[in-house]
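Student:
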Amino acid sequence: MPAPLSPALARRIALGAQGLGGPPRTSPAGTRTLRSTIDRLGLLQIDSVNVFERSHYLPLFARLGGYDKALLDRLTLAADSPYLEYWAHEAAFIPRESWPLFRWRMEANRAKHAGDDTTWASQNPEMLDWVRALLRAEGPLKASEIEHDANVRRGPWWGWSDVKRALEVLFLYGEVVTAGRDRFERRYALAEQVLPQHLLDVDVARPDAIRALVEQAAAAQGVATLADLADYFRIKPQTAVRLAVDELVDVGVLEPVSVAGWERRGGPQEAWIHRDARRPRRIEGAALLSPFDPVVWFRERALRMFGLHYRIEIYTPEPKRVYGYYVLPVLIDGEIVARVDLKSDRQAGVLRVQSAWFERGHEDDVARGLRPIADDAIAGRLAGLLEQTAHWQGLDAVVVVDRGTLAAPLAHAVGTTLVSRPPA
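Residue numbers (this note's numbering): 839 to 1262.
Put into structure tokens, the structure is as follows:
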């Protein structure tokens, strides 16, 4: 019989496993703490959007408060970084030691291309060979450093040249790895030019690799359903994840649990807790969650765990956006109570809150008298968090635009007047 967990305890377990809700730091985190936090998460997702801050900086800020971003740059972008990039959840920094665990995915990518003569890779073997030879002779190289008639973008700004396509295909296959970044542009090198021999030599069978990744996902999530475990490293099919879960249960790494209210298709969802998961009595503190933070990146889990219906609206035409362009959920004392659309206006030296909203679940609970956090307390806590965020970003002030249910109380808490919305 699975052990019962309340939804509130399951939420605290999940946040504790993610390194959220601990006592506030009294000094900025150093390299060792940054590294242990990344390793705890297993990865940092990468995204190019920079309207507020690049996404890989934000999970560490949520967990550790203000830190020196240059330390993370040295950890992740240097040629001798202990991390490299691969398609783990999406594009992400992963520990070098985890790279062999994705060999099965690399081989699957190669087999998929080899079995389909309509793919670009199947139709351009000469370009792949040319890029291999060039990297062997001159790597590491950035795509922009490669001189070739085919190194010209096709179409809009996101259109890849054939050289860039070749680099990314070889990256998918694991033949090419990242050797740091320069101004956020990848350096590419052959795997043998970057990785130590023991990582090149290790051959992890697909079932063993998936089991190791599922164990990492379970440790990072604390308590999780099958879908949660599969999504963390985007493992398909779920039958492979289920096999790994059963094996981890057999050896005592995972324990079945039942969480009240966790249902799917009208019935209870199976769930498991990792043997090392803490059961915090409370989660304290305030944090901004990136759209690509593991706490919210799987929308089904975010809805089940927090009642958060969350969608990224970056690619939604502005007139159709509900909340804004780059919207971050706000976590206070273990609950998501608000969301804010942020922009770092470096020219003006301000952190611009483009919109601020009480979370709908918060509003519903307040109406029923169930929420312990009052509106003015949320505004005050968020104001302090945004002032800390502005300082971390090297900005002088917080400006609140008159948009959203939380905008007016937030501006009052910040001690400023609302700024009018620009005309549409």
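Every residue gets a Cβ at the ideal spot worked out from N, C-alpha and C, and that includes glycine.
Measure the alpha-carbon distance for residue 1107 versus residue 930 and round it to whole angstroms.
Tutor: If you take the alpha carbons of residue 1107 and residue 930, they lie about 29 Å apart.
Student: Are three or more beta carbon pairs between the region 881-895 and the region 1116-1132 nearer than 8 Å?
Tutor: Touching, per the Cβ criterion.
Student: Residues in the same chain with beta-carbon distance under 8 Å from residue 913, minus the five sequence neighbours each way, listed in chain order, please.
Tutor: Once the five neighbours on either side are set aside, the close Cβ partners of residue 913 are 869, 872, 873, 876, 919, 920, 921.
Student: Indicate whether residue 1086 and residue 934 have their beta-carbon atoms separated by less than 9 Å.
Tutor: No. Outside cutoff.
Student: Hey, out of 1193, 1048, 1153, 1189, whose CA is closest to residue 1167's CA?
Tutor: Nearest of 1193, 1048, 1153, 1189 to residue 1167, Cα basis: 1193.
Student: Flag this pair as touching only if the region 952-968 and the region 892-911 have three or more C-beta atom pairs under 8 Å; answer yes or no.
Tutor: Counting Cβ pairs under 8 Å, fewer than three are found: no touch.
Student: Assuming contact is defined by CB atoms lying nearer than 9 Å, are residue 1191 and residue 1245 in contact in what I supplied?
Tutor: Cβ atoms of residue 1191 and residue 1245: closer than 9 Å.
Student: Smallest Cα separation from residue 1049: which of 1223, 942, 847, 851?
Tutor: Residue 942 is the option with its Cα nearest to residue 1049.
Student: If you follow the alpha helix (DSSP H) that residue 972 is in, where does it begin and where does it stop?
Tutor: Taken as a continuous stretch (DSSP letters only), the alpha helix (DSSP H) holding residue 972 covers 963-976.
Student: With DSSP as the reference, label residue 1087 as helix, strand or coil.
Tutor: If DSSP states are grouped into helix, strand and coil, residue 1087 belongs with the helices.
Student: What does the Cβ neighbour count give for residue 1185, buried or exposed, with the cut at 16 atoms within 10 Å?
Tutor: Label assigned to residue 1185: exposed.
Student: Determine the closest residue to residue 1226 out of 900, 1172, 840, with distance taken between C-alpha atoms.
Tutor: Comparing Cα-Cα distances from residue 1226 to each of 900, 1172, 840, the minimum goes to 900.
Student: Where do the ends of the alpha helix (DSSP H) carrying residue 855 lie?
Tutor: Counting along the chain, the alpha helix (DSSP H) containing residue 855 begins and ends at 845-855.
Student: In three-state terms, what does DSSP make of residue 1014?
Tutor: Residue 1014: strand per DSSP, three-state reduction.
Student: Contact check, residue 1067 vs residue 1083 under 8 Å by CB: the rounded distance?
Tutor: Yes, they are in contact, since the Cβ atoms of residue 1067 and residue 1083 sit about 7 Å apart, within 8 Å.
Student: Tell me the DSSP bridge mates of residue 1255?
Tutor: Answer is none; residue 1255 lacks a bridge partner.
Student: What residue from 1022, 1138, 904 has the CA that sits closest to residue 916's CA?
Tutor: The shortest Cα separation from residue 916 among 1022, 1138, 904 belongs to 1022.
Student: Taking the DSSP output, what are the residues bridged to residue 1105?
Tutor: In DSSP, residue 1105 forms a bridge with 1102.
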